[in-house]
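Student: Residue numbers (my numbering): 25 to 433. Glycine residues also receive a C-beta, built at the ideal position from the N, C-alpha and C atoms. To start, I am sharing the structure in question, which I have written as structure tokens.
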């Protein structure tokens, strides 16, 4: 039992590590929330001009979500609106789902796109096709898996114009309809917030460009000045490419929190979820395998290794207290109680912090305790992305395959 106690005490260092790590996370989350701009701020203050707005929605085989998206946009209280659904080489029933809506509301136009140039990413080309037919002074590019609050467009346009922005993007609120959306997606989303913290993309530092392709609102003149989607035609994450390019050119752009006004149902299956997030992580890490591995190691250490070691410390200490064999004096008992108490405190603090963070981000609070388990597939997704880059494994997206060149940036 003496050896068991020594092991428990050694592992108890993980409890200290957890307490420190989750305290840092709690402080950062609180600071991020305080400094985050919210798109609902656009509904406050004096009225602004609301010019004609074109909403362009590229869609490749989106029959699962297209109708709900179209209805939510058309339910907007925005006064001058047109919606262009660009069907990009669809082979499913997306058009069938949209036709009755378009017949009932002339603001919705369905545009068929049957081809894609070999040097263009499919979504970028479909967005370009839609932009060419858009008539608005403002143009919004949105994904077909999004759903809009009726006030969202008015709030977004007011936010954009009051701040004099060329582009406004939003952090969306994910839906919680499928098990992986409830359990695993919060971990993936928090990793994106870790890589793109608000203090870097919206604060005074502004050293990290970010945009979310699910919602990118442009002043048309800024979009054209940038070069439109032709300027990012070969990027699998055109949103980050727009943000980086506009920052480099000194064009004002910002990201705000939708806080429930924009929801998104990103993937309909577990395989699509893992494939999609792998692509997102690859592009977010600028196709650098080392960065992907670094993110995996950091997440694995904090979310998996420390909790496991801390839990093991508490269980071993409990075993020592239960048996109290030869050589276990009062001093050893005190140390065992300390190890057990440390493990319990670390577990309780982790659960409390995660419940608070999940609540702020709109994730189900009950999924917080599952964070260590849910982190495992996210770690694997980062590592799979690094492996695929090094082996030149093609990435399939939007009906095409792309062989990505790894970088060392």
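#1: So who's on the other strand from residue 105, going by DSSP bridges?
#2: For residue 31, collect the residues of the same chain with a Cβ closer than 7 Å to its Cβ; drop the 5 residues on either side in sequence, then sort them by chain order.
#3: Have a look at 182, 136, 34 and flag the residue whose alpha-carbon is nearest the alpha-carbon of residue 69.
#4: Please report the distance separating the alpha-carbon of residue 207 from that of residue 306.
#5: Measuring only the C-alpha atoms, how far is residue 228 from residue 103?
#6: Roughly how many whole angstroms lie between the Cα atoms of residue 215 and residue 405?
#7: May I ask you to check if the CB of residue 190 is nearer than 7 Å to at least one heavy atom of the ligand ZN?
#8: Beta strand (DSSP E) containing residue 243: first to last residue?
#9: Is residue 162 closer than 8 Å to residue 278 when the C-beta atoms are compared?
#10: Indicate whether residue 35 and residue 318 have their beta-carbon atoms separated by less than 8 Å.
#11: Looking at the unbroken alpha helix (DSSP H) that takes in residue 264, where does it start and where does it end?
#12: Could you check which residue in 269, 297, 258 has the C-alpha nearest to that of residue 249?
#13: Would you list, in sequence order, the uninterrupted beta strand (DSSP E) runs of no fewer than 3 residues that lie entirely inside the stretch 246–330?
#14: Taking only the alpha-carbon atoms, compute the straight-line gap between residue 40 and residue 373 and give it to the nearest angstrom.
#15: Which value, in whole angstroms, describes the spacing of the CA atoms of residue 169 and residue 27?
#16: Helix, strand or coil for residue 337? Go by DSSP, reduced to three states.
#17: Quick one: what's got a C-beta closer than 7 Å to residue 276's C-beta in the same chain, skipping five residues either side?
#18: Where does residue 207 fall in DSSP's three states?
#19: If you draw a straight line from the alpha carbon of residue 124 to that of residue 118, how long is it in whole angstroms?
#20: Near residue 213, what residues of its chain come up, given a Cβ to Cβ distance below 8 Å and the 5 sequence neighbours on each side ignored?
#21: Specify the secondary structure class of residue 46 as computed by DSSP and reduced to three states.
Tutor: Taking the structure as given:
#1: In the DSSP output, where bridge partners are listed per residue, residue 105 has 77.
#2: Within the same chain, residue 31 has close Cβ partners 340.
#3: Checking every option, the nearest Cα to that of residue 69 belongs to 182.
#4: Looking at the two C-alpha atoms, the distance is approximately 22 Å.
#5: Any reading at residue 228 must be qualified, since the residue scores a pLDDT of 44, below 50, and its modelled position is unreliable; the value itself is stated next. Distance between the alpha carbons of residue 228 and residue 103 is about 34 Å.
#6: Rounded to whole angstroms, residue 215 to residue 405 spans 12 Å at the Cα level.
#7: Of the ligands one can find in the structure shown there are none, so the ligand ZN has no counterpart to examine.
#8: Where residue 243 is concerned, the enclosing beta strand (DSSP E) starts and stops at 239–243.
#9: No, the pair does not count as a contact, with Cβ atoms beyond the cut-off.
#10: No. Outside cutoff.
#11: Residue range 262–272 is occupied by the alpha helix (DSSP H) that includes residue 264.
#12: Out of 269, 297, 258, the CA that lies nearest to the CA of residue 249 is found in 269.
#13: If we require 3 residues or more, the beta strand (DSSP E) runs fully inside the stretch 246–330 come out as 277–281, 286–288.
#14: Each residue's Cα considered, the two are about 11 Å apart.
#15: So the alpha carbons of these two residues sit roughly 56 Å apart.
#16: Residue 337: helix per DSSP, three-state reduction.
#17: So the qualifying residues of the chain are 188, 189, 190.
#18: Looking at residue 207 - three-state DSSP - the assignment turns out to be helix.
#19: Taking the straight line joining both Cα atoms gives about 11 Å.
#20: Excluding its 5 nearest sequence neighbours in each direction, residue 213 has C-beta neighbours in its own chain below 8 Å: 198, 385, 387, listed in chain order.
#21: In the structure shown, residue 46 sits in a helix (DSSP, three-state: H, G or I).
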